[in-house]
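**Q** I have a structure here, written as structure tokens, and I will follow up with some questions on it.
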Amino acid sequence: MTTAYPLSASDERTLPPDFSGWVYVWDIDKTYLATAFSSMRGLLRVPLEFAVDKRAIPGMPEVLRGLRRGPGPEFLCAPLYFVSASPPQLRSVVAHKMLLDGVEYDGITFKDWLGTLLQLSPYRLREQVGFKLAALLHGRRRRRHAREVLVGDDVERDVEAFDLYARLLSGEVGAGQAEDEMKRLRVRRADRKFVRAALDEIPSPRGTVERIYIHLERDTPPERFAPFGPRVRAVRGACQLALSLYAEGRVDAECVRAACRAVRASRHRHNDVPRLIEDALARGLIAREALAALELPNA
Numbered sequence: 042m043t044t045a046y047p048l049s050a051s052d053e054r055t056l057p058p059d060f061s062g063w064v065y066v067w068d069i070d071k072t073y074l075a076t077a078f079s080s081m082r083g084l085l086r087v088p089l090e091f092a093v094d095k096r097a098i099p100g101m102p103e104v105l106r107g108l109r110r111g112p113g114p115e116f117l118c119a120p121l122y123f124v125s126a127s128p129p130q131l132r133s134v135v136a137h138k139m140l141l142d143g144v145e146y147d148g149i150t151f152k153d154w155l156g157t158l159l160q161l162s163p164y165r166l167r168e169q170v171g172f173k174l175a176a177l178l179h180g181r182r183r184r185r186h187a188r189e190v191l192v193g194d195d196v197e198r199d200v201e202a203f204d205l206y207a208r209l210l211s212g213e214v215g216a217g218q219a220e221d222e223m224k225r226l227r228v229r230r231a232d233r234k235f236v237r238a239a240l241d242e243i244p245s246p247r248g249t250v251e252r253i254y255i256h257l258e259r260d261t262p263p264e265r266f267a268p269f270g271p272r273v274r275a276v277r278g279a280c281q282l283a284l285s286l287y288a289e290g291r292v293d294a295e296c297v298r299a300a301c302r303a304v305r306a307s308r309h310r311h312n313d314v315p316r317l318i319e320d321a322l323a324r325g326l327i328a329r330e331a332l333a334a335l336e337l338p339n340a
């Protein structure tokens, strides 16, 4: 019998069983909020923080609000879900922070720290690939046919987890190759077993992962993501993310302007908007014609 992965998931929106529209799944930590998991000190501080202590990455609330609203004149209310390695005891804190930021959402999946300890698996407190696979598959069981856009960062190997999840869904990798890849990514045996069992519970045909965005929190050179193919796009902060989403018809022009304004007004190391725009053009995140239609200052 496979022991369930210790997750604490909420889903406050019931989509039709045959829903095949767009769904956005965001990693909270280092993608929306500046949460510290890179050190044990930071890890232990997480449960003690209040909503006012949580700092949003500049421009990300604007992007999230824009995605929820959609690109057209009517309010789309696009399905938006979050994944967080924080413990579920922070649910009210995170919810309050989102309320302060005006971010609406439909559900959050947390890592159950207490459940992890009760299962005598403390390694899971810092392990992220197995957790991300488990969390994504858990959500996919409720949204089997959805077309997903995943947003993560370059801190905790999100691209490897998201890419493997996408290929598992599409059947691009068989059981043997998936096992080898999870071993290479240091996913423990019990977690590999859970991932295989969770995938088996999602019958075909399944929806797909259409796009993976990686926020370059650690300034990883974007070219390092080239081996993952065109599905993966690396972005330097919210301004570039908004530009790419606009180019793909996911958000409107005002979302891009708001995100870029927030980035420019911040003290973030990447707040030089004209330089970010030129880099986005050079890397094909947006075409010059689409950029011109935005009428951004100094673009």
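Counted from 1, the sequence shown has number 140 at position 99 by the working numbering; the numbering is strictly sequential. Every residue, glycine too, gets a C-beta built ideally from N, C-alpha and C.
1. Near Arg208, what residues of its chain come up, given a Cβ to Cβ distance below 7 Å and the 5 sequence neighbours on each side ignored?
2. Grab me the residues of Leu140's own chain with a C-beta within less than 6 Å of its C-beta, minus the 5 sequence neighbours each way, in chain order.
3. Ile69 and Phe123 - do their beta-carbons sit closer together than 7 Å?
4. Quick check: Ala126 and Val170, are their CB atoms within less than 7 Å of each other?
5. Report buried or exposed for Gly107, applying the criterion of at least 16 other Cβ atoms within 10 angstroms of its Cβ.
6. Only counting runs of 3 or more residues, tell me where the beta strand (DSSP E) segments fall wholly within the segment 199 to 276, in order along the chain.
7. Which of the three DSSP states, helix, strand or coil, is assigned to Tyr146?
8. Determine whether the beta carbon atoms of Pro114 and Trp154 lie at a separation below 7 Å.
9. Could you tell me whether the segment 97 to 104 touches the segment 164 to 178, where touching means 3 or more Cβ pairs closer than 8 Å?
10. Identify the continuous alpha helix (DSSP H) that holds Arg188 and give its terminal residues.
11. Can you look up Asp320 in the DSSP assignment and give me helix, strand or coil?
12. Could you tell me the distance, in whole angstroms, from the CA atom of Ala136 to the CA atom of Tyr146?
13. One question on the structure: do Asn312 and Arg302 come within less than 7 Å of each other, judged by their Cβ atoms?
14. Starting from Tyr287, follow the alpha helix (DSSP H) in both directions and report where the run begins and ends.
15. If you compare alpha carbons, which of Asp221, Thr249, Leu226 is closest to Gly212?
16. Since Ala345 and Ala279 should fall inside the 8 Å C-beta cutoff, what is the C-beta to C-beta distance between them, to a whole number of angstroms?
17. With burial defined as no fewer than 16 other Cβ atoms inside 10 Å of the residue's Cβ, what is the status of Gly325: buried or exposed?
18. Is it true that the CB of Glu258 sits closer than 7 Å to the CB of Asp195?
19. Going by other Cβ atoms of all chains shown within 10 Å of its Cβ, with 16 needed for buried, is Met81 buried or exposed?
**A** Straight from the coordinates:
1. Val214
2. none
3. Yes.
4. no
5. buried
6. 250 to 256, 273 to 276
7. coil
8. no
9. no
10. For Arg188, no alpha helix (DSSP H) segment is defined; the enclosing uninterrupted segment is the beta strand (DSSP E) at 188 to 194.
11. Reduced to three states, the DSSP call for Asp320 is helix.
12. 9 Å
13. no
14. Its alpha helix (DSSP H) spans residues 278 to 288.
15. Thr249
16. Outside the displayed range of the chain (42 to 340) lies residue 345, so it cannot be described from this structure.
17. exposed
18. yes
19. Caution applies to Met81, whose pLDDT of 46 falls short of 50 and renders its modelled position unreliable; the model cannot decide the point.
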